[in-house]
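Trainee:
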Amino acid sequence: MKPKLTDLLRQLFPAAAFDGQDPTLGVGSFAEWDSLGHFNFLLLVEETFGLQFSVDEITELKTLAQIRENLAAKGVEA
Amino acid sequence: MSQRIQICGTSFLLPGNPAWSALGQGWEPVFAGFDEWARLLLDPVPPVDPPAALVWVLFLEDLLPGQALAPSLALKDPGQRRQALAELVAPLLIPLDARLANHPQTPLIVAYSLPVVGSAIEGGRGRPAWEQARQALEELLRARVDQHPGLLLLPLDRQLARLGLDQAFDDRNLYAARCRLSQAGLRVLARCLGDLLHRQHNAAKKVLVLDCDNTLWGGVVGEVGLAGLALGQDGLGKAFQDFQRAAQDLSRTGILLAIVSKNNEEDVWEVFDQHAGMVLTRDDLVAFKVNWRDKAGNLLELAADLDLGADSFVFWDDNPLEREVVKARASQVTVVDPPADVTRWPRLLRDLPLFGRFETTAEDAKKKAQYQARAQFKAEQGRVVDETGFLKGIALKPSLVPIGPGSVARAAQLCAKTNQFNLRVIRHTQADILALADEPGAVAFLGHLADRFGDPGNVALLLARPTADPQVAFLDSFMLSCRVLGRHFEAWMLAQAVAKLREQGARWLLAEFRPEKRNQVAQDFLAGHGLIPWAEAPAPARERLAPLCRDMGGQIYLAELASLTIPYLEIYDETQAD
Numbered sequence: 416m417k418p419k420l421t422d423l424l425r426q427l428f429p430a431a432a433f434d435g436q437d438p439t440l441g442v443g444s445f446a447e448w449d450s451l452g453h454f455n456f457l458l459l460v461e462e463t464f465g466l467q468f469s470v471d472e473i474t475e476l477k478t479l480a481q482i483r484e485n486l487a488a489k490g491v492e493a
Numbered sequence: 171m172s173q174r175i176q177i178c179g180t181s182f183l184l185p186g187n188p189a190w191s192a193l194g195q196g197w198e199p200v201f202a203g204f205d206e207w208a209r210l211l212l213d214p215v216p217p218v219d220p221p222a223a224l225v226w227v228l229f230l231e232d233l234l235p236g237q238a239l240a241p242s243l244a245l246k247d248p249g250q251r252r253q254a255l256a257e258l259v260a261p262l263l264i265p266l267d268a269r270l271a272n273h274p275q276t277p278l279i280v281a282y283s284l285p286v287v288g289s290a291i292e293g294g295r296g297r298p299a300w301e302q303a304r305q306a307l308e309e310l311l312r313a314r315v316d317q318h319p320g321l322l323l324l325p326l327d328r329q330l331a332r333l334g335l336d337q338a339f340d341d342r343n344l345y346a347a348r349c350r351l352s353q354a355g356l357r358v359l360a361r362c363l364g365d366l367l368h369r370q371h372n373a374a375k376k377v378l379v380l381d382c383d384n385t386l387w388g389g390v391v392g393e394v395g396l397a398g399l400a401l402g403q404d405g406l407g408k409a410f411q412d413f414q415r416a417a418q419d420l421s422r423t424g425i426l427l428a429i430v431s432k433n434n435e436e437d438v439w440e441v442f443d444q445h446a447g448m449v450l451t452r453d454d455l456v457a458f459k460v461n462w463r464d465k466a467g468n469l470l471e472l473a474a475d476l477d478l479g480a481d482s483f484v485f486w487d488d489n490p491l492e493r494e495v496v497k498a499r500a501s502q503v504t505v506v507d508p509p510a511d512v513t514r515w516p517r518l519l520r521d522l523p524l525f526g527r528f529e530t531t532a533e534d535a536k537k538k539a540q541y542q543a544r545a546q547f548k549a550e551q552g553r554v555v556d557e558t559g560f561l562k563g564i565a566l567k568p569s570l571v572p573i574g575p576g577s578v579a580r581a582a583q584l585c586a587k588t589n590q591f592n593l594r595v596i597r598h599t600q601a602d603i604l605a606l607a608d609e610p611g612a613v614a615f616l617g618h619l620a621d622r623f624g625d626p627g628n629v630a631l632l633l634a635r636p637t638a639d640p641q642v643a644f645l646d647s648f649m650l651s652c653r654v655l656g657r658h659f660e661a662w663m664l665a666q667a668v669a670k671l672r673e674q675g676a677r678w679l680l681a682e683f684r685p686e687k688r689n690q691v692a693q694d695f696l697a698g699h700g701l702i703p704w705a706e707a708p709a710p711a712r713e714r715l716a717p718l719c720r721d722m723g724g725q726i727y728l729a730e731l732a733s734l735t736i737p738y739l740e741i742y743d744e745t746q747a748d
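These protein sequence lines map, in sequence, to chains A and B. Take 416 as the starting number for the first sequence in the working numbering and just add one per residue. Take 171 as the starting number for the second sequence in the working numbering and just add one per residue.
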């Protein structure tokens, strides 16, 4: 079974505390999730679900909800 | 505790990316800021807390855009073109040269990349521009490796090519984050760096132990007989044969081969002696255990027979159950979990980093014969009651080999690999050894020993360094390959050092034994060769030497050189030392 996006967040930022239900959860929600952390997170999402975001998507996808919606449009439930 | 590795690069390397976990346990990557690589390499100030190694990842495209090459490549004369390219690339290495000159003690790894650019047509008749630039860079880097023992190279494109360059590089990452590599490419970089770092700090494995049925050949010989085995024919039979070739090639570089098989011994030798598809011969094997006993026990017995630690063994068996038993009961042995698909085995064995070494010395190639000779020595020694008479009769020929550019690789190899007879188990690098040997008042040499049973080569290393007290020398390192244990060569080595130290005006020798996992054999050496344990030393001596021992955590011994009596030297009395 594929992990959820929140599982990937915990994997990448094991020391961070966050609320997985928070609809605004995204870049800047905690210190480690800065722009570099976000890029690394998107690469991890790509590798996990076997897809690739375009440069535009990388610029636009800033919250977990947006990423989830983008994946759903590609037929991936996360 | 993790060791810190400082990493800088001409492109961004995505600190914190999960791919960096492929470095392996024990390494903590610390990244320089983006575009800080030149400042870091040029910085002449020694860091307060130097890293275990510095890594410079060089993407030549970052520093040499295509148009910079054009004038050099327009030159028609190949010699002139080569010279012009070298002149173009050489200034890029100025920061590297500064680093090597300013901080020679910190190991430095240069990972470099210049992937294939352009279409197949470009290389149809001429040599593509990038290929020529890469060659110029490689020649300059290789010249530096010869001069700097602490420098390692990682030609990254060769490793990335396994993944496929299109998979390894990602232009999307380049334009979005100034990182040339994909996450998968980054993982290859991290894994390769991890392999290099691991080998810098750990000895390579020495013995490959192979199963027979369904490992060296397809099928169970006891069931299908000689004619029923898959070996040598097209398909799987060819894969098994190529696997044997890969093993044989390893043995030619000094890796010892052995077999451990649950089988009737005569069945196994029938295959070795009579099957036309066999590549390996009995002579390729340094030892074997073919019986119906448990393989873990057989492996540990093999290690004892060869006087090698089981942690220098690698075990390859097709049967997952046997592998699990070995993992559980002989946990020191490294067990390979090969894929079920045998066609992948030959390449997998050839690429296994467990056996990889930075340099192969002349001694390596002679390993098999040495271990076979050692087994013969042990057998004859066991039959003789008068040890001194026996040793006098085997034509021992010891000699000293000074530390220098031609011998320092072997000295560092002994430091990295000697676990048993090793007083302090300090893993000195080549740079450390050269620096120590150059200190005024130091006595540093390798010991070479030959006898009737063979020429094991340079088998011992002794490094004694001066201390703050000009009349006191400290035995920094003393180690002896287990191949020559039992010949009292350690006594002869110590005697040579003592003579040299006395010539230089030293009066005292201070030594330390640091207990490690497997160096018990060295524990009794100091007391057994005239040195006095600290607690038993005369008070005036302790008073004088105490300030020199403050940092020593091991067992301290000392000797007054004028009165030191070393036993066993009569064995070497009639030998001709060079």
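Where a beta carbon is used, it is the ideal one built from N, C-alpha and C, also for glycine. This structure is a prediction, so every number in the text was calculated from the model and none was measured.
For L378 of chain B and G479 of chain B, what's the separation of their Cα atoms in angstroms?
Mentor: 13 Å
Trainee: Which residue marks the beginning of the beta strand (DSSP E) containing K567 of chain B, and which one marks its end?
Mentor: K567 to P572
Trainee: Rounded C-beta distance between A281 of chain B and V225 of chain B? I'm assuming under 8 Å.
Mentor: A281 of chain B to V225 of chain B, Cβ: 7 Å. Contact.
Trainee: Could you check if S469 of chain A is buried or exposed, using at least 16 other CB atoms within 10 Å of its CB as the buried criterion?
Mentor: In summary, S469 of chain A is exposed, with fewer than 16 beta-carbon neighbours lying within 10 Å of its beta-carbon over all protein chains present.
Trainee: For the alpha helix (DSSP H) holding F428 of chain A, just list the boundary residues, first then last.
Mentor: Unbroken run through F428 of chain A: none, as it is neither H nor E.
Trainee: For E730 of chain B and W462 of chain B, what's the separation of their Cα atoms in angstroms?
Mentor: 56 Å
Trainee: How about Q414 of chain B and L386 of chain B: do their beta carbons lie closer than 8 Å?
Mentor: Yes, these two residues count as a Cβ contact at 8 Å.
Trainee: Output the boundary residues of the alpha helix (DSSP H) element that contains P710 of chain B.
Mentor: A709 to L715
Trainee: When the Cα of F458 of chain B is compared with those of B:H658, B:E533 and B:E436, which residue comes out closest?
Mentor: For F458 of chain B, the nearest C-alpha among the options comes from B:E436.
Trainee: Can you list, in chain order, the residues of its chain with a C-beta nearer than 8 Å to that of L734 of chain B? Leave out the 5 residues immediately preceding and following it.
Mentor: V668, L679, G700 and L701
Trainee: Using beta-carbon positions only, say whether W704 of chain B and R714 of chain B come within less than 8 Å of one another.
Mentor: Contact: no.
Trainee: Using a cut-off of 9 Å between C-beta atoms, extract the partners of I473 of chain A located in chain B.
Mentor: R342, A346 and A347
Trainee: Would you tell me roughly how many angstroms separate the C-alpha atoms of R594 of chain B and A681 of chain B, rounded to the nearest one?
Mentor: So the alpha carbons of these two residues sit roughly 9 Å apart.
Trainee: Please state the DSSP three-state secondary structure of G624 of chain B.
Mentor: strand
Trainee: Mind checking if E492 of chain A is an interface residue toward chain B, Cβ cutoff 8 Å exclusive?
Mentor: Closer than 8 Å: no.
Trainee: Check whether the stretch 472-492 of chain A and the stretch 175-195 of chain B are in contact - that is, three or more C-beta pairs closer than 8 Å.
Mentor: With a cut-off of 8 Å, the stretch 175-195 of chain B and the stretch 472-492 of chain A do not count as touching, because too few Cβ pairs lie within range.
Trainee: I believe L566 of chain B touches R657 of chain B by the beta-carbon criterion, under 8 Å. Please report the beta-carbon distance rounded to the nearest angstrom.
Mentor: 6 Å
Trainee: Just checking my contact of L584 of chain B with S651 of chain B at CB under 8 Å: how many whole Å lie between their CB atoms?
Mentor: 7 Å
Trainee: Since L380 of chain B and L427 of chain B are thought to touch, with beta carbons under 8 Å apart, how far apart are those beta carbons, to the nearest angstrom?
Mentor: 7 Å
Trainee: Just checking my contact of I726 of chain B with D646 of chain B at CB under 8 Å: how many whole Å lie between their CB atoms?
Mentor: Their Cβ separation, rounded to whole angstroms, is 13 Å, which puts I726 of chain B and D646 of chain B out of contact at 8 Å.
Trainee: Quick check on the burial criterion: 16 or more other C-beta atoms within 10 angstroms. Buried or exposed for Q746 of chain B?
Mentor: Note that Q746 of chain B scores a pLDDT of 48, beneath 50, so its modelled location is shaky; the value from the coordinates is reported in the next line. With fewer than 16 other Cβ atoms within 10 Å, it is exposed.
Trainee: Judging by CA-CA distance, which residue of B:S283, B:L284, B:L266 and B:R493 is the nearest neighbour of P277 of chain B?
Mentor: B:L266
Trainee: Can you list, in chain order, the residues of its chain whose CB lies under 6 Å from that of C516 of chain B, leaving out five sequence neighbours each side?
Mentor: The identity of residue 516 of chain B in the sequence shown is Pro, whereas the question assumes Cys. For P516 of chain B, where only same-chain residues beyond five positions count, the Cβ hits under 6 Å are D412, F413 and A416.
Trainee: Near F229 of chain B, which residues of its chain fall below 6 Å by C-beta distance, leaving aside the five closest residues on each side in sequence?
Mentor: T180, S181, S283 and R350
Trainee: Alpha carbons only, please: which of B:K687, B:D507 and B:I264 is nearest the one belonging to Q488 of chain B?
Mentor: Position check: residue 488 of chain B holds Asp in this sequence, whereas Gln was assumed. Comparing Cα positions, the closest option is B:D507.
Trainee: For Q693 of chain B and F683 of chain B, I'd like the C-alpha separation in whole angstroms.
Mentor: 7 Å
Trainee: A630 of chain B and G617 of chain B look like a contact to me (Cβ under 8 Å); what is the Cβ gap, rounded to whole Å?
Mentor: 3 Å
Trainee: So which residues of chain A does Q353 of chain B contact, with C-beta pairs closer than 9 Å?
Mentor: N455, L458, L459, E461 and E462
Trainee: Mind the definition here: the stretch 357-373 of chain B touches the stretch 194-213 of chain B only if three or more C-beta pairs lie below 8 Å; say whether that holds.
Mentor: yes
Trainee: What does G186 of chain B reach in chain A if we use C-beta pairs closer than 7 Å?
Mentor: L451, G452 and N455
Trainee: Near A601 of chain B, what residues of its chain come up, given a Cβ to Cβ distance below 7 Å and the 5 sequence neighbours on each side ignored?
Mentor: For A601 of chain B, where only same-chain residues beyond five positions count, the Cβ hits under 7 Å are P274, Q275, P319 and G320.
Trainee: Applying a beta-carbon distance threshold of less than 9 Å, which residues of chain B neighbour V470 of chain A?
Mentor: R342, Y345 and A346
Trainee: Which of the three DSSP states, helix, strand or coil, is assigned to V394 of chain B?
Mentor: helix
Trainee: Contact criterion: CB-CB distance below 8 Å. Does L420 of chain A meet it with respect to chain B?
Mentor: no
Trainee: If you measure from the beta carbon of L427 of chain A to each beta carbon in chain B, is any gap under 8 Å?
Mentor: yes
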